[in-house]
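This note's numbering numbers the first residue of the sequence shown as 1 and each following residue consecutively. What follows is one structure encoded as structure tokens, with my remarks underneath.
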Amino acid sequence: MAWLVHDDVVLASLEVPTTRRDRARGLLGRDEFDEAMLLQPCRSVHTVGMRFPIDVAVCDADLVVLRVVTLRPNRVTRPSWRGRAVVEVPAGTFAHWGIGPGDQLEVRA
């Protein structure tokens, strides 16, 4: 199992889909989500067909947060050309954790 970490604090368990098909499916078909998901490589995401809003952190190759947005169902983020990864969590989670642009995230096994 992987963990999402910031400043040596474990924020959440982390789901990391490894196949293109699993990354494309992402959170679709779920009624709720209480962890974090790392999509890599990824420059934008959508919530078309999702049942709940999510927070999205677009990150560079080193997992430095470039921007954070909250997406309601049936929305699409604009592509981030510097983005290389996206972390998805339930809506409001990044604000609760105090995560924003410039913060360094880390994945630990």
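For glycine and all other residues, C-beta sits at the position ideal for the given N, C-alpha and C. The structure presented is a predicted model; accordingly, all values stated were derived computationally and were not measured.
Tell me the DSSP secondary structure of residue i in three-state form.
i          : result
residue 57 : strand
In chain order, what residues of the same chain have a beta carbon less than 7 angstroms from the beta carbon of residue i, not counting five sequence neighbours either side?
i          : result
residue 66 : 58, 59, 60, 80, 82, 83 and 101
residue 99 : 6, 57, 65 and 68
residue 10 : 3
Could you spell out the range, first to last residue, of the alpha helix (DSSP H) harbouring residue i?
i          : result
residue 97 : 93-97
residue 21 : 20-25
If I'm right that residue i touches residue j with Cβ under 8 angstroms, what's the distance once you round it to whole angstroms?
i           : j          : result
residue 78  : residue 47 : Between residue 47 and residue 78 the Cβ distance is about 14 angstroms, and since that is not below 8 angstroms, they are no contact.
residue 106 : residue 63 : 6 angstroms
residue 34  : residue 90 : 7 angstroms
Go through its chain and collect everything with a Cβ distance to residue i's Cβ below 8 angstroms, but skip five positions before and after it.
i           : result
residue 45  : 26, 39, 56, 71, 76, 77, 86 and 88
residue 28  : 49 and 50
residue 19  : none
residue 103 : 6, 64 and 65
What are the start and end residues of the beta strand (DSSP E) that includes residue i?
i           : result
residue 109 : Neither: residue 109 is in no beta strand (DSSP E) and is coded neither H nor E.
residue 67  : 65-71
residue 13  : 9-15
residue 48  : Taken as a continuous stretch (DSSP letters only), residue 48 belongs to no beta strand (DSSP E), as it is neither H nor E.
residue 89  : 85-90
Just grab the DSSP bridge partners of residue i for me.
i          : result
residue 35 : According to DSSP, residue 35 bridges with nothing at all.
residue 4  : 12 and 107
Between which residues of its own chain and residue i is the CB-CB distance below 6 angstroms, once the five residues before and five after are set aside?
i          : result
residue 2  : 14, 16, 107 and 109
residue 54 : 71, 88 and 91
residue 93 : 55
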